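Colleague: Residues 1 to 218 in full-length UniProt numbering are what the sequence shown spells out, letter by letter.
Every residue gets a Cβ at the ideal spot worked out from N, C-alpha and C, and that includes glycine.
Fair warning: this is a prediction, and the values are worked out from it, not measured in the lab.
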Amino acid sequence: MITLAAATGAEPTRFVDWLTAIGAIATPIVVAVAAYVFARRQSRNEELLRARLDYYKKLVPDLNLVMCYLMFIGTWRDVSPPELIATKRRLDTEFYCAIPLFSEPVREAYEAFGAVCFATFGMWGADARIRSNAYRRRQAWCRSDIAWDSAWDAMFTKREHEAIPAVELLTVKQAHDRVIAALVQDLNINRARSEYTTSLTVMNAHAPRVQQVDGAPN
């Protein structure tokens, strides 16, 4: 009986030993696989953030230029209407190449900003027009390398005598800020401000109080 009991108890013992051995072998393999998957996912996330940051640094200066032009602040007097339209084209090219990297709120904010600043879908083949007027810009034009071209007047949506209400200027600023906020949200990082902004965007913090811009006298 003793011999039979001993023989019977040997099978469970060997089974437990096998499980222990398998567990000892499998555990480091499972840990290694999990670590690999996590590291790969982490690496992809970091690559995505780097790509987003690179595009952010490309987009922000031109976004800032458009905002400053429409709000009559910063370098607005030094930018010709054709140069602003060229900036819009460059922005659109850069942005829509990068859009797969960004979230839907970024796209929505960008397109809302563009709609506030430019009138598109005009005549077939026609350029977008600037939602402003030429009067104050022609008056303030100060570049010595090129004279104001009267043909530029047609690049604006407003007539000479139309004022630009403060609320329209503020809408431009708010739309611009929403684009920047959406981009920064997608960066999802905690870094020094200098790492994800440029000196041009600092101008926004010191913009003067928004006031109506009068048109030409009737």
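1) Output needed for Y110: all residues of its chain with C-beta closer than 7 Å, excluding positions within five of it in sequence on either side, in chain order.
2) For a minimum of 4 consecutive residues, which ranges assigned as the alpha helix (DSSP H) are wholly contained in the stretch 94-157?
3) Return yes when the Cβ of S80 is within less than 9 Å of the Cβ of R129, no when it is not.
4) Compute the Euclidean distance between the alpha carbons of A140 and T171, then round it to the nearest angstrom.
5) Please state if the CB of E160 and the CB of D149 are separated by a distance shorter than 9 Å.
6) Taking the straight line between their C-alpha atoms, what separation do you get for T75 and D62?
7) Compute the distance between the beta-carbons of E168 and R138, then report whether it is under 9 Å.
8) In or out: C117 buried (at least 16 other Cβ within 10 Å) or exposed?
9) Relative to the alpha-carbon of F113, which residue among K58, A98, A182 has its alpha-carbon at the smallest distance?
10) Let me know the secondary structure DSSP gives V79 once reduced to three states.
11) So, under 8 Å CB-CB, A119 and T157 are touching, yes? Tell me the CB distance rounded to an integer number of Å.
12) A151 to P82, Cα distance in whole Å?
13) Is the Cβ-Cβ distance between L101 and R136 less than 9 Å?
14) Find out if the Cβ-Cβ distance for the pair residue 232, I85 is shorter than 9 Å.
Modeller: Reading from the atomic positions:
1) Translated into positions along the sequence shown, residue 110 becomes position 110. F95, V179.
2) 104-117, 135-140
3) Walking along the sequence shown from the start, residue 129 turns up at place 129. Walking along the sequence shown from the start, residue 80 turns up at place 80. Taking 9 Å as the Cβ cut-off, R129 and S80 do not qualify as a contacting pair.
4) In the sequence shown, counting from the first residue as 1, residue 140 sits at position 140. In the sequence shown, counting from the first residue as 1, residue 171 sits at position 171. Straight-line Cα distance between these residues: approximately 23 Å.
5) Taking the sequence shown and counting its residues from 1, one reaches residue 149 at position 149. Taking the sequence shown and counting its residues from 1, one reaches residue 160 at position 160. In this structure, E160 does not lie closer than 9 Å to D149 by Cβ.
6) Taking the sequence shown and counting its residues from 1, the one referred to as residue 75 is at position 75. Taking the sequence shown and counting its residues from 1, the one referred to as residue 62 is at position 62. Distance between the alpha carbons of T75 and D62 is about 12 Å.
7) Locating residue 168 in the sequence shown gives position 168, where the first residue counts as 1. Locating residue 138 in the sequence shown gives position 138, where the first residue counts as 1. No.
8) Looking up residue 117 in the sequence shown gives position 117. Counting Cβ neighbours within 10 Å, C117 comes out buried, since at least 16 surround it.
9) Along the sequence shown, read from residue 1 onward, the residue named residue 113 stands at position 113. Considering only alpha carbons, the answer is A182.
10) Numbered from its first residue, the sequence shown carries residue 79 at position 79. Residue state, collapsed to three classes: coil.
11) For the purposes of this step, residue 119 is taken as the residue at position 119 of the sequence shown. For the purposes of this step, residue 157 is taken as the residue at position 157 of the sequence shown. Right, the Cβ-Cβ distance comes to about 5 Å (below 8 Å), so this counts as a contact.
12) Against the sequence shown, residue 151 aligns to sequence position 151. Against the sequence shown, residue 82 aligns to sequence position 82. If I take the Cα positions, the gap works out to 10 Å.
13) As a working mapping, residue 101 is identified with position 101 in the sequence shown. As a working mapping, residue 136 is identified with position 136 in the sequence shown. Cβ atoms of L101 and R136: not closer than 9 Å.
14) Limits of the chain in this structure are 1 at one end and 218 at the other, which puts residue 232 out of reach.
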